[in-house]
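Heads up: the protein sequence lines correspond to chains A and B, in order.
To convert a position in the first sequence, counted from 1, into the working numbering, add 65.
To convert a position in the second sequence, counted from 1, into the working numbering, add 14.
The beta carbon of each residue, even a glycine, is placed where N, CA and C say it ideally should be.
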Amino acid sequence: MRIYSVDDEEKLRILRLVKDWSGEGFLSEDQRLRMEADMACGLRRTNGFLRLVLFVFTLIAAGALVGLFFLAFQPSGSRDPWFLMLVAALGCYIAAEAAVQNGGLYRYGIEEGLALLAIAFLFFGLMLGVQEQHGSESVAPVAGAVVSLLIYCRFGFRFAFVASMLFAAGTPEFWTDSRAGQHVVIALLFAAGLIAVMQTRDAHRADYIDEEYSFVEGILWLGIYITVNLHLSSPDMLLAWWSVATKSSEFSGVFYWSTYALIWCLPAAMLWRGLTRKDRIVIWVGLLTAILTLVTNKPYLGWERHPWDPMLLGIVLTGGAIAIRRWLAQGTGGVRNRFTAKRLSSRDQRLKDTLSAIAGFTTVPSGQTHNTTTFGGGSSGGGGASSDF
Amino acid sequence: MIAFIGGLGWTVRTYSEQLGDVVVLAVLTGLLAACLWYCFSRAEPRLVSDYVLYLGSLTWSIELAYLETRFHILAGQWDLYLLATACFFFLLAYRFDNRFVLSLALSTLAAWFGVKISRWPQSNDASFREYAILYSLVAGGAGVALARQGIRKHFLGTYLHVAANVLFGALLSGVFNPEDSGSCFLILLVVCGASLAYGLAFRQFAFVAYAAIYGYIGVSSMLVRGMNDSGALLSYFLVTGIAMIGLIVWIARRFGRES
Numbered sequence: 066m067r068i069y070s071v072d073d074e075e076k077l078r079i080l081r082l083v084k085d086w087s088g089e090g091f092l093s094e095d096q097r098l099r100m101e102a103d104m105a106c107g108l109r110r111t112n113g114f115l116r117l118v119l120f121v122f123t124l125i126a127a128g129a130l131v132g133l134f135f136l137a138f139q140p141s142g143s144r145d146p147w148f149l150m151l152v153a154a155l156g157c158y159i160a161a162e163a164a165v166q167n168g169g170l171y172r173y174g175i176e177e178g179l180a181l182l183a184i185a186f187l188f189f190g191l192m193l194g195v196q197e198q199h200g201s202e203s204v205a206p207v208a209g210a211v212v213s214l215l216i217y218c219r220f221g222f223r224f225a226f227v228a229s230m231l232f233a234a235g236t237p238e239f240w241t242d243s244r245a246g247q248h249v250v251i252a253l254l255f256a257a258g259l260i261a262v263m264q265t266r267d268a269h270r271a272d273y274i275d276e277e278y279s280f281v282e283g284i285l286w287l288g289i290y291i292t293v294n295l296h297l298s299s300p301d302m303l304l305a306w307w308s309v310a311t312k313s314s315e316f317s318g319v320f321y322w323s324t325y326a327l328i329w330c331l332p333a334a335m336l337w338r339g340l341t342r343k344d345r346i347v348i349w350v351g352l353l354t355a356i357l358t359l360v361t362n363k364p365y366l367g368w369e370r371h372p373w374d375p376m377l378l379g380i381v382l383t384g385g386a387i388a389i390r391r392w393l394a395q396g397t398g399g400v401r402n403r404f405t406a407k408r409l410s411s412r413d414q415r416l417k418d419t420l421s422a423i424a425g426f427t428t429v430p431s432g433q434t435h436n437t438t439t440f441g442g443g444s445s446g447g448g449g450a451s452s453d454f
Numbered sequence: 015m016i017a018f019i020g021g022l023g024w025t026v027r028t029y030s031e032q033l034g035d036v037v038v039l040a041v042l043t044g045l046l047a048a049c050l051w052y053c054f055s056r057a058e059p060r061l062v063s064d065y066v067l068y069l070g071s072l073t074w075s076i077e078l079a080y081l082e083t084r085f086h087i088l089a090g091q092w093d094l095y096l097l098a099t100a101c102f103f104f105l106l107a108y109r110f111d112n113r114f115v116l117s118l119a120l121s122t123l124a125a126w127f128g129v130k131i132s133r134w135p136q137s138n139d140a141s142f143r144e145y146a147i148l149y150s151l152v153a154g155g156a157g158v159a160l161a162r163q164g165i166r167k168h169f170l171g172t173y174l175h176v177a178a179n180v181l182f183g184a185l186l187s188g189v190f191n192p193e194d195s196g197s198c199f200l201i202l203l204v205v206c207g208a209s210l211a212y213g214l215a216f217r218q219f220a221f222v223a224y225a226a227i228y229g230y231i232g233v234s235s236m237l238v239r240g241m242n243d244s245g246a247l248l249s250y251f252l253v254t255g256i257a258m259i260g261l262i263v264w265i266a267r268r269f270g271r272e273s
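Following this line, the structure appears as structure tokens:
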């Protein structure tokens, strides 16, 4: 099924680890070069920025080609647009296959762009094809989910797995009008996937595919959580976030309070699972969902929000982080139960550098003057200039 | 930290009348003093210090905004606050080797440029554009000059990324404007060339990406202007898209493999 050989994938994983370790100073330059020579791989890879540029231009060129294809065939009326879209989807998929099989591309941007277009054209083609056939509306999202999943299994593109989940989440609305029923079906779909992954994962603890399972498990946990948390996944409730929220009438009391219990249980389960397996992605998702639970707790209970709520959240999170860090640091050699607060990968430093650059510019100053407005906002980045004065 | 400071700003805004100026200023000043004391009392910057300094900087911003709003100390000239704050943040960033605060300093300096122009009676897009270009030259030049002096060389990337994006954005806005498009287009080509050369010479492929994306948008904007035939338009994007892919693949093979 997988287009890349196990040997190549394993080598690439080791090369990534070597890069991380050498970036953090755990390997000398000589050791790094020797290990890289031992792990020589025939696949073509490139820098992340160039990959992004190639992805963008592949979308432009392939999109233009399909547009010309439409112009050539559509005016004559000989073909329906949905049929042309399906042909375009097939063409894009074949081109992606060829780019990997013949060009040896690996995360190069080109094959990723073509695969994305294949999914998009298939979905929109089927949407157009079945739009007037009552009862067949779910064909497009179901096919989108299946094909995205197959593309993920074939190429390993993570966006394809996310697309598959999104399509799957859009399917139950064609099967039932009950909003609660839709949430249950989506959560069960994701839970079935999660159980399958958890059972399969144990056989791959030490090989490259465990990283993929880690991502899939993390994203499935997140999908289940968002589906269950009605204040995140129900549009009506999401819009009513800043008002005093009350229990929505479209959900029964039992269902509503069951989901409330679940949004507290799920982060604990994720954290337990992530910590016992030392799975970084699942731990991250567990922490993220724990924060989301704290944030949505008041809307769930229908309690009034206060301006100081974010301050309390900030204090709890900062205090928790400092306490855990200190507790780990006090262990023998700064390690407790094989966990350490020390940085082990240069990726963490790069992430921090990126966040630091973004943090300063997330509140780009607006340059308003104080003559016209009153004190307000205070979003503080840029010397508080983004507030209205 | 961001949640905390967001809540602090929101609380001050909502309850400033009830709490009174003395309480608000005492709390903000106390928090600022505590942050600065913590950072200055540590001989070596540590992980926690980074965030404490960031918190202190953001608290300073809120306090300054509050002071000016309530007391109008520099009424009519409050852009001076931004300039002074930018200088203060630059000093802190260099003293404590803190990129979070450096980013704040650069955005505050950009705000000062923006506010300065908005006060001109005849400010327009062109004057904003000119000052955006000036800002990017100042920021980029300062970053290069400081790095050449050996002062926090690792900050250079932050300066150059900010300067490049502001410069490209300003030039593109000029290219989109029919009145300025000619001169801005020529400058854009020169800057794209410089960005490409820098990116290749120093293996900084983000700058290659900037040159490719911004350059393509600028050139396409000039070439497809007035082109109404959809077939010609699509052919243009097909041919140029393939040409760009070919060029980037060549660069990737020549320079960028797993860089």
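The way I'd put it, the segment 76-94 of chain A doesn't touch the segment 284-291 of chain A; fewer than three beta-carbon pairs between them come closer than 8 Å. Closest in C-alpha terms to F103 of chain B, from the list B:G207, B:S117, B:L160 and B:A47, comes B:S117. Listed along chain B, the residues sitting closer than 8 Å to V121 of chain A by beta-carbon distance are I227.
When C-alpha distances from L352 of chain A are compared across A:A180, A:L215 and A:G385, the shortest belongs to A:G385. Cα atoms of S141 of chain B and N191 of chain B: separation of roughly 13 Å, rounded to the nearest angstrom. Contact between the segment 239-253 of chain B and the segment 217-224 of chain B is absent: fewer than 3 CB-CB pairs across the two stretches fall below 8 Å.
Around the C-beta of H269 of chain A, fewer than 16 other C-beta atoms lie within 10 Å, and the residue is accordingly described as exposed. DSSP, reduced to helix, strand and coil, places F122 of chain A within a helical segment of the structure shown.
N179 of chain B and L160 of chain B have their C-alpha atoms spaced approximately 20 Å apart.
Rounded to whole angstroms, the gap between the alpha carbons of V249 of chain A and Y321 of chain A is 12 Å. Taking C-beta atoms under 8 Å as the contact rule, A210 of chain A and T236 of chain A qualify, at a distance of about 7 Å. Burial of H175 of chain B is indicated by the presence of at least 16 other C-beta atoms within 10 angstroms of its C-beta. Under the three-state reduction of DSSP output, L170 of chain A falls in the strand class. DSSP, read as helix, strand or coil, puts V400 of chain A in strand. Cβ contact annotation for L50 of chain B (same chain, cutoff 6 Å, sequence separation greater than five): G70, in chain order. Burial check for S201 of chain A: the Cβ neighbour count within 10 Å stays below 16, so the residue is exposed. For I87 of chain B, there is no enclosing alpha helix (DSSP H), as DSSP marks it with neither H nor E. With distances taken between CA atoms, G260 of chain B lies nearest to A:L119 out of A:L80, A:L119 and A:S70.
Between V165 of chain A and E177 of chain A, the C-beta gap is not smaller than 8 Å, which leaves the two residues out of contact. DSSP places A333 of chain A inside the alpha helix (DSSP H), whose first and last residues are G318 to R342.
For H296 of chain A, the enclosing alpha helix (DSSP H) starts and ends at L295 to S298.
Per DSSP, the unbroken alpha helix (DSSP H) holding L359 of chain A starts and ends at R345 to L366. Beta bridge pairing from DSSP links T405 of chain A with A:V400. The way I'd put it, the segment 101-114 of chain A doesn't touch the segment 229-245 of chain B; fewer than three beta-carbon pairs between them come closer than 8 Å. For R116 of chain A, the three-state secondary structure derived from DSSP is helix. Pairing F114 of chain B with Y68 of chain B gives a Cβ-Cβ distance under 8 Å. Taking 9 Å as the cut-off between beta carbons, the residues of the segment 18-29 of chain B near chain A are F18, I19, G20, G21, L22, G23, W24, T25, V26, R27, T28 and Y29, in sequence order. Per DSSP, the continuous alpha helix (DSSP H) segment holding N179 of chain B begins and ends at L170 to F190. Among the bridge pairs identified by DSSP, R109 of chain A is matched with A:L170.
R267 of chain B carries a helical assignment under DSSP once its states are collapsed to helix, strand and coil.
Interface flag for F182 of chain B against chain A is unset, since no Cβ pair is found closer than 8 Å.
The alpha-carbon separation between S410 of chain A and L33 of chain B amounts to approximately 47 Å. The beta carbon of I125 of chain A falls within 8 Å of a beta carbon belonging to chain B, placing the residue at that interface. Scanning its chain for C-beta atoms nearer than 7 Å, with the 5 sequence neighbours on each side dropped, one finds around I201 of chain B the residues L185, in chain order. Beyond the five residues adjoining it in sequence on each side, F404 of chain A comes within less than 7 Å, by CB distance, of L393 in the same chain, given in chain order. The beta-carbon of M258 of chain B is placed less than 8 Å from the nearest beta-carbon of chain A.
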